[in-house]
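Add 26 to a position in the sequence shown, counting from 1, and you land on the number used in our numbering.
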Amino acid sequence: IIESGTLVANHNDRPLLDAIHPLIELVGLYADGGKVLAADVELLFRDKPDPSEFELIEALSKRDPAKIELLCRGLLEGGKSPFLLLALFSNNYSTTLSIKTLLDRGLPKDGVCRSLGLNSWRFDKQMTGVRANSVGKLRSNIQSILRTDSKLKNHSLDPDHIISDLLSSLSV
27 IIESGTLVAN
37 HNDRPLLDAI
47 HPLIELVGLY
57 ADGGKVLAAD
67 VELLFRDKPD
77 PSEFELIEAL
87 SKRDPAKIEL
97 LCRGLLEGGK
107 SPFLLLALFS
117 NNYSTTLSIK
127 TLLDRGLPKD
137 GVCRSLGLNS
147 WRFDKQMTGV
157 RANSVGKLRS
167 NIQSILRTDS
177 KLKNHSLDPD
187 HIISDLLSSL
197 SV
């Protein structure tokens, strides 16, 4: 719980206790007053954020193909679902596109943060991608992610190859 809470707190620029509280409530609901075992906690939090997910998003923002491929391969080999990676990519590019669109309309940083419910830290992290991508490239990336989702669901190729193909198009 502490590990998951620390990652959430760091990512959302929140105090650790604020991040842990909902996690503890979740465990309490799961236990329903009974004894909570370590295996129960692992079951609830097995899909916790991996620090390399944040590195992967940063590498995508910087368009670093070698690092993108290395980090993604590590996550997939570690058991991360390709669909969870697609959700991560989709969220990242959608947020980046929203920020870029609002900034292009003249909204200041604090207005963008309020409109999108972002904290200052997340806004600043997204700015690398905002500066590096045009609106057209961001839309193209989102379309590529949607096509990849369809390919994964239709099992047209091995999931690792499908994701690798996506990463090639995102890092161009």
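Virtual Cβ for every residue (Gly too), placed ideally from N, Cα, C. Predicted, not measured: the structure shown is a model, and the values here were computed from it.
Task: Separation of R148 from L97, as counted between CA atoms - done: Within the sequence shown, the letter at position 71 stands for residue 97. Within the sequence shown, the letter at position 122 stands for residue 148. Distance between the alpha carbons of L97 and R148 is about 21 Å.
- [ ] Use the C-beta contact count for L111: other C-beta atoms within 10 angstroms, 16 or more gives buried, fewer gives exposed.
- [x] Taking the first residue of the sequence shown as position 1, residue 111 is located at position 85. Buried, by the Cβ-count rule.
Task: Candidates D136, L192 and D90: closest to G155 by CA position - done: Here residue 155 corresponds to residue number 129 of the sequence shown, with the count starting at 1. Nearest C-alpha to G155: D90.
Task: alpha helix (DSSP H) runs wholly inside the segment 68 to 125, at least 4 long, in chain order - done: 77 to 88 and 91 to 103
Task: S141 and L128 closer than 8 Å at C-beta - done: Against the sequence shown, residue 141 aligns to sequence position 115. Against the sequence shown, residue 128 aligns to sequence position 102. Contact flag set, yes.
Open item on the list: Please return the same chain residues whose Cβ sits closer than 6 Å to the Cβ of F115, not counting the five positions on each side in sequence.
Closed with: Taking the sequence shown and counting its residues from 1, the one referred to as residue 115 is at position 89. Around F115: I171.
Task: Alpha-carbon spacing of R131 relative to Q152, whole angstroms - done: Position 105 of the sequence shown, counting from 1, holds the residue named residue 131. Position 126 of the sequence shown, counting from 1, holds the residue named residue 152. Near 17 Å, if we compare the C-alpha coordinates of Q152 and R131.
Task: 8 Å Cβ shell around G137 - same chain, five flanking residues per side excluded - done: Residue numbering aside, residue 137 sits at position 111 when the sequence shown is read from its first letter. So the list reads L128, once near-sequence residues are dropped.
Open item on the list: By the three-class DSSP mapping on this structure, what secondary structure does G137 have?
Closed with: In the sequence shown, counting from the first residue as 1, residue 137 sits at position 111. The answer is helix: DSSP assigns G137 an H, G or I state.
TODO: Note down, in chain order, each residue of its chain lying with its Cβ closer than 6 Å to the Cβ of S197, except the 5 sequence neighbours on either side.
DONE: The residue labelled residue 197 in the question sits at position 171 within the sequence shown. So the qualifying residues of the chain are R89, P91 and I94.
- [ ] Could you say which of F109, T122, K177 and A113 lies nearest to K163 if we only look at CA atoms?
- [x] Counting from one through the sequence shown, the residue named residue 163 turns up at place 137. Residue T122 is the option with its Cα nearest to K163.
Open item on the list: DSSP three-state label for S190, please.
Closed with: The residue given as residue 190 occupies position 164 in the sequence shown. In the structure shown, S190 sits in a helix (DSSP, three-state: H, G or I).
Open item on the list: At the level of alpha carbons, what is the spacing between R157 and N167?
Closed with: As a working mapping, residue 157 is identified with position 131 in the sequence shown. As a working mapping, residue 167 is identified with position 141 in the sequence shown. Cα to Cα, R157 sits roughly 15 Å from N167.
Task: Reduced DSSP secondary structure (H/G/I, E/B, other) of R165 - done: Reading the sequence shown from its first residue, position 139 is the one you call residue 165. Helix.
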